[in-house]
Each structure stands twice: as structure tokens, then as C-alpha cells.
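According to my numbering, the first sequence is numbered sequentially starting from 2.
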Amino acid sequence: MRYWLMKSEPEEFSIDALKKKKLEPWNGVRNYQARNFMRDDMKVGDGVLFYHSNCDEPGVVGLAEIRSEAHPDPSQFDPKSDYYDAGSKREEPRWLLVDVGYTRKLKRTITLAELKDKPQLQDLALVKKGNRLSILPVSRAEWDFILSLE
DNA sequence: GCCAACGTTGGC
DNA sequence: GCCAACGTTGGC
């Protein structure tokens with residue numbers, strides 16, 4: 002079992018929205034590195050730190066779980082979608098998604114500022130300068146440590 | 001294949 | 001709203 006951190010802008014899709022929906026197809030990933038994580042490394046049952054980005058208080062706000070293998074993201078074929086990709090063919094889809102299921106909200110937001118402060122997390126991709134990945138791997142030790150802050 | 005221009009992410 | 005960092009695009 003592996004662990005991940007997945008970013009979402011709360012104005013787009015928040016932890017409360019996931020709580021309500023219970024299961025969400027994680028569409029709109031248009032970055033090859035993030036796609037490859039989904040395609041090659043994610044397995045059903047993997048743990049997810051749900052992270053709010055681009056908001057007043059960026060940080061980890063909840064837990065979720067991978068609920069499907071990677072499969073084609075339908076939004077890439079929809080000309081009306083923001084995520085439409087005219088260069089992607091149905092017989093050879095460029096973009097994939099996984100289904101993400103709600104686990105629970107954290108008792109409090111573990112903020113980015115706090116995470117940056119911890120020597121135990123210095124290797125976490127999230128706190129590295131210029132990091133823009135929306136899906137990134139988290140080690141078991143990092144997962145345990147972050148949850149111990151709750 | 002290089003690289004300048006451009007667009008996006010996301011913290012602040 | 002600003003802007004640093006970084007990915008992508010496209011001319012050559």
C-alpha cells in the first residue's frame with residue numbers, strides 16, 4: 002500500500018464536497034508526471050492526503066482513498082469541457098483519472114506553513130521550492146508523521 | 001533538438 | 001494582484 006497527496010482548489014472541489022459526494026472521479030489532471038503516478042503506481046486502497054491549494058489557508062484537510070485503477074478521463078473528449086484536449090484520441094487516450102473516495106476530515110487543517118517547518122518532512126515534494134505537482138507520493142513515515150500532528 | 005515565448009500553478 | 005517557478009509550444 003502506498004500513500005499520496007492530492008491537491009484540489011477548495012473553490013473547485015473541497016473536502017466538504019467530497020464528503021457529500023463520497024466518491025469523485027479525479028478528472029482534469031493534465032500533467033504527465035501526475036498521470037504516470039496514477040497509471041503506474043496507484044492501487045485501490047492507497048491512502049490520500051486531501052490538500053487544499055490556492056486558498057486562504059493551504060494545507061492538508063482530510064483523508065481519502067484510491068477506489069479505482071486509472072482509466073480514461075472522459076473530459077478530454079468533451080469540447081465543452083475546460084479539460085478538453087483536441088489532440089487526444091479515443092483509441093489512445095492521453096489522460097487518465099482514478100476514483101477517489103472520502104475517508105474523513107481532519108480535526109484541523111495542517112497548514113503548509115506548518116509542514117514546511119518540520120525537519121521530518123524536508124524530502125516531501127510538496128514543501129520543495131517551485132513544486133507544482135498536483136499528485137505526489139508520500140512515504141509511510143511522512144504519512145504517519147503528518148497524521149501525528151493532527 | 002534548441003530555446004524564447006507563453007501559459008499555468010499556487011504561495012504570499 | 002503579483003510574480004517565481006516550471007511545463008509546454010512552436011519556429012527555426
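Glycine included, every Cβ here is placed at the ideal spot set by N, Cα and C.
Beta-carbon proximity list for residue i, same chain, < 7 Å, skipping 5 on both sides
| i | result |
| --- | --- |
| I111 | G60, V61, I147, L150 and E151 |
| Q34 | L134 |
| L127 | L6, L116 and L137 |
Extent of the continuous beta strand (DSSP E) run through residue i
| i | result |
| --- | --- |
| D100 | D100 to T112 |
| S9 | Y4 to S9 |
| E25 | L24 to P26 |
Test item: CB-CB of residue i and residue j under 8 Å
| i | j | result |
| --- | --- | --- |
| N32 | L98 | no |
| D74 | W96 | yes |
| K106 | K8 | no |
| V45 | S82 | no |
| Y4 | G48 | yes |
| M43 | I67 | yes |
| G102 | L50 | no |
| E92 | S54 | no |
| E143 | L122 | yes |
For residue i: DSSP bridge partner residues
| i | result |
| --- | --- |
| V49 | W5 and A65 |
| V60 | Note on residue identity: the sequence assigns Gly, not Val, to residue 60. According to DSSP, G60 bridges with H53 and T112. |
Limits of the unbroken alpha helix (DSSP H) element including residue i
| i | result |
| --- | --- |
| Y33 | Y33 to N37 |
Residues of its chain near residue i, where Cβ-Cβ distance is below 8 Å and the 5 sequence neighbours each way are ignored
| i | result |
| --- | --- |
| R109 | E151 |
| D79 | Y85 |
| Y52 | L6, M7, K8, S9, P59, G60, V61, V62 and L127 |
| M2 | K44, G46, D47 and G48 |
6 Å CB neighbourhood of residue i in its chain, flanking five on each side removed
| i | result |
| --- | --- |
| A71 | M39, R40, L97 and V99 |
| L64 | T104 and R105 |
| S89 | Q77 and R95 |
Can you list, in chain order, the stretches of the alpha helix (DSSP H) that have 4 or more residues and sit fully within the stretch 112-143?
-> If we require 4 residues or more, the alpha helix (DSSP H) runs fully inside the stretch 112-143 come out as 113-117.
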